[in-house]
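One line per chain: the protein sequences are A and B, in this order.
Its first residue numbered 1, the first sequence is counted upward by one per residue in this note's numbering.
Its first residue numbered 359, the second sequence is counted upward by one per residue in this note's numbering.
Following: one structure in structure tokens, then a few remarks.
There are 2 protein chains.
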Amino acid sequence: MHPRDIETPALVVELDRLTANVERVATAARGRGLRLRPHVKTHKCIEIARLQMQSGAVGLTVATLSEAEVFARAGFDDLFVAYPIHPRGPGAERLRRLLDTVDLTVGVDTAAGAAAVAHAAGGRAARVVVEVDSGQHRTGVAPSETVGLAQACADLGLDVAGVFTHGGHAYGGPDAPAAAGHDEGAALAESADLLRGAGFDVRTVSAGSTPTTGVDRPPQVTEERPGTYVFGDRQQVALGACGSDDLAATVVATVVSVHADRFVVDAGSKVLAGDRPPWLAGAAAVTGLDDAPVTRVSEHHGVVDRGEASWGLPEVGSTVLLAPNHVCTVVNLFDELVVCRAGQVVDRWPVAARGRNA
Amino acid sequence: MHPRDIETPALVVELDRLTANVERVATAARGRGLRLRPHVKTHKCIEIARLQMQSGAVGLTVATLSEAEVFARAGFDDLFVAYPIHPRGPGAERLRRLLDTVDLTVGVDTAAGAAAVAHAAGGRAARVVVEVDSGQHRTGVAPSETVGLAQACADLGLDVAGVFTHGGHAYGGPDAPAAAGHDEGAALAESADLLRGAGFDVRTVSAGSTPTTGVDRPPQVTEERPGTYVFGDRQQVALGACGSDDLAATVVATVVSVHADRFVVDAGSKVLAGDRPPWLAGAAAVTGLDDAPVTRVSEHHGVVDRGEASWGLPEVGSTVLLAPNHVCTVVNLFDELVVCRAGQVVDRWPVAARGRNA
Numbered sequence: 001m002h003p004r005d006i007e008t009p010a011l012v013v014e015l016d017r018l019t020a021n022v023e024r025v026a027t028a029a030r031g032r033g034l035r036l037r038p039h040v041k042t043h044k045c046i047e048i049a050r051l052q053m054q055s056g057a058v059g060l061t062v063a064t065l066s067e068a069e070v071f072a073r074a075g076f077d078d079l080f081v082a083y084p085i086h087p088r089g090p091g092a093e094r095l096r097r098l099l100d101t102v103d104l105t106v107g108v109d110t111a112a113g114a115a116a117v118a119h120a121a122g123g124r125a126a127r128v129v130v131e132v133d134s135g136q137h138r139t140g141v142a143p144s145e146t147v148g149l150a151q152a153c154a155d156l157g158l159d160v161a162g163v164f165t166h167g168g169h170a171y172g173g174p175d176a177p178a179a180a181g182h183d184e185g186a187a188l189a190e191s192a193d194l195l196r197g198a199g200f201d202v203r204t205v206s207a208g209s210t211p212t213t214g215v216d217r218p219p220q221v222t223e224e225r226p227g228t229y230v231f232g233d234r235q236q237v238a239l240g241a242c243g244s245d246d247l248a249a250t251v252v253a254t255v256v257s258v259h260a261d262r263f264v265v266d267a268g269s270k271v272l273a274g275d276r277p278p279w280l281a282g283a284a285a286v287t288g289l290d291d292a293p294v295t296r297v298s299e300h301h302g303v304v305d306r307g308e309a310s311w312g313l314p315e316v317g318s319t320v321l322l323a324p325n326h327v328c329t330v331v332n333l334f335d336e337l338v339v340c341r342a343g344q345v346v347d348r349w350p351v352a353a354r355g356r357n358a
Numbered sequence: 359m360h361p362r363d364i365e366t367p368a369l370v371v372e373l374d375r376l377t378a379n380v381e382r383v384a385t386a387a388r389g390r391g392l393r394l395r396p397h398v399k400t401h402k403c404i405e406i407a408r409l410q411m412q413s414g415a416v417g418l419t420v421a422t423l424s425e426a427e428v429f430a431r432a433g434f435d436d437l438f439v440a441y442p443i444h445p446r447g448p449g450a451e452r453l454r455r456l457l458d459t460v461d462l463t464v465g466v467d468t469a470a471g472a473a474a475v476a477h478a479a480g481g482r483a484a485r486v487v488v489e490v491d492s493g494q495h496r497t498g499v500a501p502s503e504t505v506g507l508a509q510a511c512a513d514l515g516l517d518v519a520g521v522f523t524h525g526g527h528a529y530g531g532p533d534a535p536a537a538a539g540h541d542e543g544a545a546l547a548e549s550a551d552l553l554r555g556a557g558f559d560v561r562t563v564s565a566g567s568t569p570t571t572g573v574d575r576p577p578q579v580t581e582e583r584p585g586t587y588v589f590g591d592r593q594q595v596a597l598g599a600c601g602s603d604d605l606a607a608t609v610v611a612t613v614v615s616v617h618a619d620r621f622v623v624d625a626g627s628k629v630l631a632g633d634r635p636p637w638l639a640g641a642a643a644v645t646g647l648d649d650a651p652v653t654r655v656s657e658h659h660g661v662v663d664r665g666e667a668s669w670g671l672p673e674v675g676s677t678v679l680l681a682p683n684h685v686c687t688v689v690n691l692f693d694e695l696v697v698c699r700a701g702q703v704v705d706r707w708p709v710a711a712r713g714r715n716a
């Protein structure tokens, strides 16, 4: 089947681009002596995680316990929940089961969160890494506070393995990744040195985001956790993390309505998600039509207003390909990925961890 | 179980508010002599559609063929796809099956779309209504073009039942609904009169959106299609379509991280969706905390920056309730609704049509 004949809206993955992206980042990490622990929140897909492990990843990063459960059931046994979880009730029981079945590490950024993890672990020496704030000012402690939090974790009987950070301020705009990558390295180096000075056995010093993955790292850093690189998206192209020829995931949509000043496709906010950084025009771009932005969305409509553009209007019933702004939130809206190679549909892969937010 | 003890993030529905919303709009429509055909894209839930039918709805509105299939399987037999569908391939077969099993009406706004419907229908006199553009300038034809499109449909063997519109420009801001509601009525009255003058048997003249549902309608209008009113959301409160005491769907989240200037909850863009109208601050509001806006989101983090606010920071591990900006896209991110009454979880309802975009 040709991808243009599938029912729309659909999310199509170009297999050759996907495998090239997986290999490229794996090779780069190997060349720099860094372990690669890709974040699976981007693809939520067993088959893609297998490709990543086959290319040399040491394990997987997940965002939630329920994502961990999906990948644990599929046989992945080294999982890092890069999030300051706060398990209680059924969540505490789920954490215990994961600790009993896989090699699990979880993030901490407060003593109260660490206490919840220790309580849920029920005597197991759960492995934790301390989240360090490298400049996004979301979660994470200042490097100077790392030792205090690590000591609190140790006092609770937890195994402190090191530190991690996410330089999310890399998404501030096209000029942001270099500085954010530098910030990640500096915050990690400082906190790792402080931890070692305080006698902790630091095994993990983990940085992570696709736009900062190429930045030089200080020697203390041991690991990278990029996620979006498997597919790329408009954000990553604008941030310089990939080229438009690397984009491996595209929404296929049907033109359902055409007017003199616009056309409308059957992909709206329930397909394209809502990420609209101020440095990117529209909710997606129509590839093959001068990357015309989808100027407006409602739930099931994507409107491409023509403005002063010179492209010709497509025909009602034709299909168009849309490059998403942020592929992670788009994948989470689909139940399956339509896998294509050389213009043919060759497989369909479930988005196994779709909606696994808890 | 108390809703504060459930695993987070979760979407909690207050049953008493839901039933009051369903009844209020049904009673108002009855009082005005209008048929009510609620749009189920908001809730995607069989149980709530049953409440709507029990309170006097004449049928349901859906956005896609796959939504129609979900509700047809559950026994709902009068369905209107309020969208200019363009069925082909497997979609054409699905349309035929629906035409054979339920009382189906579909939208059209181009002759090419109508031809695709007629071709897919395979000789069945499929019932269509012409979409009229009442000012949103998304899909729909100008009232003056209604007769030409209706004639093209009739020439294709389709049964033209009337006209419909969606005054989506009601979402332009707090002052927009009154004018948009007037526009809906004017466009529908003009196009219905033109169709009748051309000899068409006009049975359906359908307006629809929650913010315009209370606006006076000209006598030609026969039907209303609001959707969001069952839950309400921050948008509807700001637009004057409901009060904050009517909000029936709330995201329960856990505070996972607290810092001097902010706290972070486990509900980000994969839970709160991406609707951020310029006339509403933040991605959601924390009820019970001066409606503090969720100022930043990433996929699994909602950050509430304190700014100059006077509220006290919540404790790590505590739960907060978040009022979503646009509940329709939030519901579509959950697999189930946690139904509560008098502070107790009384049921869990599947979001049966979640992700049914095709």
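Backbone N, C-alpha and C define an ideal beta-carbon position, used for all residues, glycine too.
Within 9 angstroms of the CB of Y587 of chain B, no CB atom of chain A is found; the nearest one sits about 16 angstroms away.
Following the DSSP letters along the chain, one finds L79 of chain A in no alpha helix (DSSP H) but inside the beta strand (DSSP E) bounded by residues D78 to V81. In this chain, H166 of chain A is not harboured by any beta strand (DSSP E), its DSSP state being neither H nor E. Listed as beta-bridge partners of D461 of chain B by DSSP are B:D436.
Per DSSP, reduced to three states, the secondary structure at G282 of chain A is coil, with no helix or strand assignment. Under the 8 angstroms Cβ criterion, the stretch 557-574 of chain B does not count as touching the stretch 652-664 of chain B, having fewer than three qualifying pairs.
Annotation: the continuous beta strand (DSSP E) that includes Q702 of chain B extends over Q702 to P708.
In the three-state reduction of the DSSP assignment, R97 of chain A falls in the helix class. Pairing H300 of chain A with A421 of chain B gives a Cβ-Cβ distance under 7 angstroms. Against chain B, a Cβ distance below 9 angstroms from R138 of chain A picks out S615, R620, V622, R654, S656, H659 and V661.
With a threshold of 16 other beta carbon atoms within 10 Å, Q594 of chain B meets it and is buried.
Taking each of A:A92, A:L272 and A:R127 in turn and checking the Cα distance to A116 of chain A, the smallest one comes out for A:A92.
When DSSP assignments are scanned along the stretch 170-232 of chain A, the uninterrupted stretches of beta strand (DSSP E) that are 3 or more residues long and fall wholly within it turn out to be 204-207. In terms of Cβ geometry, H444 of chain B and D591 of chain B do not form a close pair [threshold 7 angstroms].
The straight-line gap separating the alpha-carbon atoms of V439 of chain B and A711 of chain B is approximately 14 angstroms. Burial check for R97 of chain A: the Cβ neighbour count within 10 Å stays below 16, so the residue is exposed. In the DSSP assignment, S269 of chain A falls within the alpha helix (DSSP H) that extends over S269 to L272. I404 of chain B has its alpha-carbon roughly 7 angstroms from the corresponding atom of A432 of chain B. Taking 7 angstroms as the cut-off, the Cβ atoms of P532 of chain B and L638 of chain B do not count as close.
Our two residues, G646 of chain B and P635 of chain B, have alpha carbons roughly 22 angstroms apart in a direct line. The C-beta distance from Q136 of chain A to G167 of chain A rounds to 6 angstroms, short enough to meet the 8 angstroms contact threshold. Taking 7 angstroms as the cut-off, the beta carbon of V345 of chain A is found no closer than this to the beta carbon of N715 of chain B.
CA-to-CA, the gap between A253 of chain A and A10 of chain A works out to about 7 angstroms. Any Cβ of chain A closer than 7 angstroms to the Cβ of N379 of chain B would place that residue at the interface, and such an atom is absent. Between A545 of chain B and P501 of chain B, the beta carbon gap of about 5 angstroms places them in contact (Cβ cut-off 8 angstroms). Closest in C-alpha terms to A547 of chain B, from the list B:T523, B:Q578 and B:Y529, comes B:Q578. In its chain, beyond the 5 residues on either side, A519, G520 and T580 have a beta carbon closer than 8 angstroms to the beta carbon of R561 of chain B. Under the 10 Å beta carbon count, Q52 of chain A is surrounded by 16 or more other beta carbons and is classified as buried. For the pair D624 of chain B and A483 of chain B, the Cα-to-Cα distance works out to about 51 angstroms.
Residue range R262 to V265 is occupied by the beta strand (DSSP E) that includes R262 of chain A.
Annotated as proximal: A384 of chain B and G414 of chain B, with beta-carbon spacing under 7 angstroms. Assigned with DSSP and collapsed to three states, H259 of chain A falls in strand. The three-state reading of DSSP puts H326 of chain A in coil, since its state is none of H, G, I, E or B. Taking V102 of chain A as reference, the option from A:P38, A:Q54 and A:D78 with the minimal CA-CA separation is A:D78.
By the rule that beta-carbons nearer than 7 angstroms mark a contact, A474 of chain B touches chain A. Residue-level contact check: V351 of chain A does not touch chain B, since none of the beta carbons of chain B fall below 7 angstroms from its beta carbon.
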